[in-house]
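Presented below is the structure to which this report refers.
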Amino acid sequence: MRKKHIIIYCITLSLLAISCGKKEETAEKTPEKTVQKAEKPADAPQMIASLTEEQIKAVGIMMGTVEMKDLTSTVKANGTLSVPNNSKARITSLYGGIIKTLTVQVGSEVRKGQVIATIANPEFIRLQEDYLTTNSRITFAEQEYRRQRELFDNDAGAKKNLQSSDAELKALRTRRASLLRQLQMMGISPGAVNNTNMRSGLVITSPINGTVSSISAQIGSYVDVSSPVAEVIDNQSIHLDLQVYEKDLPKMRVGQIVHFNLTNNPETEYDAKVYSIGSSFENESKTISVHCNVIGNRAGLIDGMSITGIVSLEQTTTPAVPNEAIVEADGKFYVFVETDKKPEEDHDEEEAKPAQPKKEVKTINFEKTEVVKGSSDMGYTAITPVTNIAPGTKIVVKSAFFINAKLVNGGEHD
1 MRKKHIIIYC
11 ITLSLLAISC
21 GKKEETAEKT
31 PEKTVQKAEK
41 PADAPQMIAS
51 LTEEQIKAVG
61 IMMGTVEMKD
71 LTSTVKANGT
81 LSVPNNSKAR
91 ITSLYGGIIK
101 TLTVQVGSEV
111 RKGQVIATIA
121 NPEFIRLQED
131 YLTTNSRITF
141 AEQEYRRQRE
151 LFDNDAGAKK
161 NLQSSDAELK
171 ALRTRRASLL
181 RQLQMMGISP
191 GAVNNTNMRS
201 GLVITSPING
211 TVSSISAQIG
221 SYVDVSSPVA
231 EVIDNQSIHL
241 DLQVYEKDLP
251 KMRVGQIVHF
261 NLTNNPETEY
271 DAKVYSIGSS
281 FENESKTISV
291 HCNVIGNRAG
301 LIDGMSITGI
311 VSLEQTTTPA
321 VPNEAIVEAD
331 GKFYVFVETD
341 KKPEEDHDEE
351 EAKPAQPKKE
361 VKTINFEKTE
371 VVKGSSDMGY
381 TAITPVTNIA
391 PGTKIVVKSA
401 FFINAKLVNG
411 GEHD
């Protein structure tokens, strides 16, 4: 009997030992799984979105394929607006004087020859006085010359006296010609100058058509020949200087059309045409200046403004998608391709949860696929997929932004 009890006791101990061993083994395996799950990256970007048919209809998602389109390729370049120096004028006075009137303001449109200001100086009166005096002396000198000529012809006068009177007359005539030209440059008609009509003021006129960009003088201030009174710019001559990189230079041709926008007003588009291509680099920028004439609307264009231009090149046949098919994220561009792959979180749920009967909801999965954007034209943009997209593969061509928003928001399920 005692032997029987001993045998039963040994069997019980053996069973307990086996049971404890299994528990320890289970305990060791469980943390390993936990560690493996913890090691799985939690912040990995989600690239696949799953939508139900109801969601697709609700947000207006439309499907299509990558198409071959004839698009006009382009070159993008920055630049500035510039007015050539022969269409700018810094207006100065030919003589010093005090500003009496200013007839324009900054922004005023002026025509060539229009009066900008008037100045006064007593020297102007002395100049007219010299002109009148010289005219009178010429009248006397002519009479004296004729008298000396008659005397000499009749052998009654010395040749020396005739020569002296001739030299005096020529000197006076030269002096009068000089004074006459000075009066004309001052805007004074020599024929209108007389003893009762001498002007003390001088008019300053614009040498070109244009717009007054600045006024340096003010009424009562003194100006001399080196002091600018105003500046005028003819914006009708404004042109565009594009800075094109060396790699794009072979694509540039005279006559190409450029569409450009002002940096401070990107909504308004202007047009220009290439008329000259530079032959040297600009400073150390490794760019070449491409000069373009602005055509059509010039409203709001001012010398020195910064612009962004698109140069239209030749048409090429290239894979393209509607503009709405492309989304941007983290500085890259993507399209959404229909796929049989499932979102990563769906795999986790299948592993974590036991299979349970549930109502089947039909979904369609879309994979976010990176592409490189090319030129855009007529509502389409050329693309080059980073990973191959097979011909005929369905892609989202409308409301792609909704799918992207769903991924950005953590792939929430509705």
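Residue 1 is where the sequence shown starts when you use UniProt numbering, and the numbers rise one by one after that.
Where a beta carbon is used, it is the ideal one built from N, C-alpha and C, also for glycine.
Any idea what DSSP makes of LYS362, helix, strand or coil? coil
Assigned secondary structure, GLN163 (DSSP; H/G/I helix, E/B strand, else coil): helix
Taking three-plus beta-carbon pairs below 8 angstroms as touching, is the region 81-98 in contact with the region 228-247? yes
From the DSSP output, read off the bridge partner residues of GLU367. ILE48, VAL337
Exposure of MET186, with buried meaning 16 or more beta-carbon neighbours within 10 Å: buried
Does the Cβ of LYS406 have 16 or more other Cβ atoms within 10 Å, making it buried, or fewer, making it exposed? buried
SER280 burial status per 10 Å Cβ neighbour count (16 or more: buried): exposed
According to the Cβ coordinates, are PHE366 and PHE333 closer than 9 angstroms? no
At the level of alpha carbons, what is the spacing between HIS291 and SER213? 23 angstroms
GLU53 to PRO385, Cα distance in whole Å? 27 angstroms
Assign TYR222 to one of two classes, buried (16 or more other C-beta atoms within 10 Å of its C-beta) or exposed (fewer than that). exposed
Within its chain, find whatever has a CB closer than 8 angstroms to the CB of GLU32; leave out the 5 residues flanking it on each side and keep chain order. With a pLDDT of 45 at GLU32, under the threshold of 50, the predicted position of this residue should be treated as unreliable, though the coordinate-derived value follows. Cβ within range, chain order: n/a, list empty.
From ASN195 to ASN121, what does the alpha carbon distance come to, in whole angstroms? 18 angstroms
Quick check: what's the CA-CA separation for ILE326 versus PRO391? 18 angstroms
Tell me which residue opens and which closes the beta strand (DSSP E) that THR196 is part of. Counting along the chain, THR196 falls outside any beta strand (DSSP E), and DSSP gives it neither H nor E.
Quick test of the definition: if touching needs 3 or more C-beta pairs under 8 angstroms, does the region 104-120 touch the region 70-88? no
Can you tell me where the alpha helix (DSSP H) holding ASN135 begins and where it ends? 122-153
Just the C-alpha distance for THR174 and VAL244, rounded to the nearest angstrom, thanks. 58 angstroms
Could you pull out every residue in the same chain whose Cβ sits closer than 6 angstroms to the Cβ of ALA217, ignoring the five residues on either side in sequence? ILE99, VAL223, VAL229
Measure the C-alpha to C-alpha separation of LYS394 and HIS239 and round it to an integer number of angstroms. 46 angstroms
DSSP three-state label for VAL232, please. strand
Selected residue, minimal CA-CA separation from ALA329, among GLY97, ILE403, VAL203, LYS251: ILE403
Taking all protein chains shown into account, do 16 or more other C-beta atoms lie within 10 angstroms of the C-beta of ALA167, making it buried, or fewer, making it exposed? exposed
Just how far apart, CA to CA, sit LYS57 and LYS251? 45 angstroms
Three-state secondary structure assigned by DSSP to SER237: helix
Taking the straight line between their C-alpha atoms, what separation do you get for LYS399 and MET63? A small fix is needed here, since residue 399 is Ser in this sequence, not Lys. SER399 and MET63: Cα-Cα distance of roughly 10 angstroms.
In DSSP terms, what THR263 is bridged to: DSSP output for THR263 lists no bridge partner at all.
Among the residues of its own chain, which have a CB less than 7 angstroms from the CB of PRO319, if the five just before and after it don't count? VAL66, MET68, ALA382, ILE383
Beta-carbon proximity list for residue 426, same chain, < 7 angstroms, skipping 5 on both sides: Given a span of 1 to 414 for the chain in the structure shown, any question on residue 426 remains unanswerable.
N-terminal and C-terminal residue of the alpha helix (DSSP H) that LYS57 is part of: 53-59
Is the region 121-130 touching the region 149-169 in the sense that three or more CB pairs, one from each, lie closer than 8 angstroms? no
Nearest-angstrom Cα distance between GLY379 and PRO343? 31 angstroms
Where does the unbroken alpha helix (DSSP H) through LEU202 begin, and where does it stop? Here LEU202 belongs to no alpha helix (DSSP H); instead the beta strand (DSSP E) covers 201-205.
Name the residue from ASP70, ALA177, VAL311 whose alpha carbon lies nearest to the alpha carbon of residue 432. In the structure as shown, the chain begins at 1 and stops at 414. Residue 432 is therefore absent and cannot be evaluated.
Can you look up MET185 in the DSSP assignment and give me helix, strand or coil? helix
Opening and closing residue of the beta strand (DSSP E) in which ALA329 lies: 327-329
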